[in-house]
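Colleague: Here you go, one structure.
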Amino acid sequence: MKTLRQNDHGFVQRQLRRLALSEDLNFLLTNRVPRLALTRFMGWFSGIRQPLVRDASMAVWKAFTDLDLSDAKKQRFDSLHDCFTRELREGARPVDANPSVLVSPCDAIVGASGRIGDDPQAQVFQAKGFPYALTELLGTSPRSQAAIDTLRGGQFVTLRLTSAMYHRFHAPEALTLEHVTHFSGDTWNVNPIALKRVERLFCRNERAALFTRLHDGTPLVLVPVAAILVASLRLRALPLPLNTRYRGPDELPCDAAYARGQEMGHFEHGSTVIVLAPPGFALAPGAMAGEPIRMGRPLLQRQRGLNAAFIPQ
85 MKTLRQNDHG
95 FVQRQLRRLA
105 LSEDLNFLLT
115 NRVPRLALTR
125 FMGWFSGIRQ
135 PLVRDASMAV
145 WKAFTDLDLS
155 DAKKQRFDSL
165 HDCFTRELRE
175 GARPVDANPS
185 VLVSPCDAIV
195 GASGRIGDDP
205 QAQVFQAKGF
215 PYALTELLGT
225 SPRSQAAIDT
235 LRGGQFVTLR
245 LTSAMYHRFH
255 APEALTLEHV
265 THFSGDTWNV
275 NPIALKRVER
285 LFCRNERAAL
295 FTRLHDGTPL
305 VLVPVAAILV
315 ASLRLRALPL
325 PLNTRYRGPD
335 ELPCDAAYAR
345 GQEMGHFEHG
355 STVIVLAPPG
365 FALAPGAMAG
375 EPIRMGRPLL
385 QRQRGLNAAF
395 IPQ
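Numbering-wise, the numbering used here puts 315 at position 231 of the sequence shown, and it's gapless, one number per residue.
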């Protein structure tokens, strides 16, 4: 009887997931809704510390995803939000120590990647046939323009976090976070279905451009992009959540040093991290489009020495 119930539960779960993968239905349910209002509601709702609400919410979450909490630091959570932003147990993500590679800053599915354009806008792609410009993603401030000048001809990688994944992001190498530019914006879903339908999606959503410098002086830009149901982005270098109601861009000077693999911040739900590297890097073997990658595994391979620099602010 127990096996029969398990089989019935598994069948229902598979049917729910198949339904969620229907492109038209998925796009309708996650985008043709009041996205900002729903996102703010979810930020409030997920923080409710009531066992019945928590358990029911997590049951629904598990029905639609492959949520695996076996590597979580704790197994009992105060709220849905507490589970979303969970820490991992010690040693759950070994960090590759090879100095010739930059490691993945997060657990993710590898998305679009390739060469950053040499054109004035430094064109990159969110999906096949859907280009966008780094000038739109990073803004037009002197700092952003100087960064774009160093990135032309370099490498970009898009890392998509699914809702069931670990939601914290980490330093891909020993680096210093020098500046954050926060852009308030929309909360479109960032799944492959939306990326094939909504032009310049990453440039529309809330995001933070993290201007960093590696230990050898090489510039590297990380762009966490929020999405529907993401209540906020949190950075360890800043005392408060990034203000989603500020009609930015909001320029936030920083001076925070991180070791390779050290946590830099987290999402309140699944989303995307875009990694932008200057010339001298290529995608590491094993980091392939459509394949999962874990934080700490090789993402970019250094091809030669490089010591470019941003123009000071």
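Think of the CB as a built atom: it goes at the ideal place given N, C-alpha and C, for glycine as much as any other residue.
Reducing DSSP to helix, strand and coil, say where Leu-136 ends up.
Modeller: helix
Colleague: Taking only three categories from DSSP, how would you classify Ser-184?
Modeller: coil
Colleague: Might you give, ordered along the chain, the residues of its own chain that have their beta carbon closer than 6 Å to the beta carbon of Phe-111, omitting 5 neighbours on each side?
Modeller: Per-residue confidence for Phe-111 stands at a pLDDT of 44, beneath the threshold of 50, marking its modelled position as unreliable; no derived number is given.
Colleague: Based on DSSP bridge pairs, tell me the residues matched to Thr-356.
Modeller: Arg-244 and Val-309
Colleague: Measuring CB to CB, does Phe-253 end up less than 9 Å from His-350?
Modeller: Yes, Cβ-Cβ distance for Phe-253 and His-350 is below 9 Å.
Colleague: Within a Cβ cutoff of 6 Å, which residues of the same chain sit near Phe-161, ignoring the five residues on either side of it in sequence?
Modeller: Cys-167
Colleague: Look up Met-348 in the DSSP assignment and say whether it is helix, strand or coil.
Modeller: strand
Colleague: Closer than 8 Å by C-beta to Asn-468: which residues in its own chain qualify, once you throw out the five before and the five after it? Chain order, please.
Modeller: Since the first residue of the chain shown is 85 and the last is 397, residue 468 is not available in this structure.
Colleague: Could you say if the region 288–305 and the region 366–381 meet the contact criterion of at least three C-beta pairs nearer than 8 Å?
Modeller: no
Colleague: Determine the DSSP secondary structure at Pro-226, reduced to helix, strand or coil.
Modeller: helix
Colleague: What whole-angstrom Cβ distance do Thr-296 and Thr-260 have, given they're in contact under 8 Å?
Modeller: 6 Å
Colleague: Under 8 Å by Cβ, that's how I've got Val-357 and Pro-325 pegged, so tell me the actual separation to the nearest angstrom.
Modeller: About 17 Å separates the CB atoms of Val-357 and Pro-325; that is not less than 8 Å, and the two are not in contact.
Colleague: Taking the C-alpha atoms as reference points, what is the distance between Ile-132 and Glu-347?
Modeller: 25 Å
Colleague: Can you grab the Cα-Cα spacing for the pair Gln-229 / Ala-217, in whole Å?
Modeller: 12 Å
Colleague: List the residues that DSSP assigns as beta-bridge partners of Asp-152.
Modeller: None; Asp-152 has no bridge partner.
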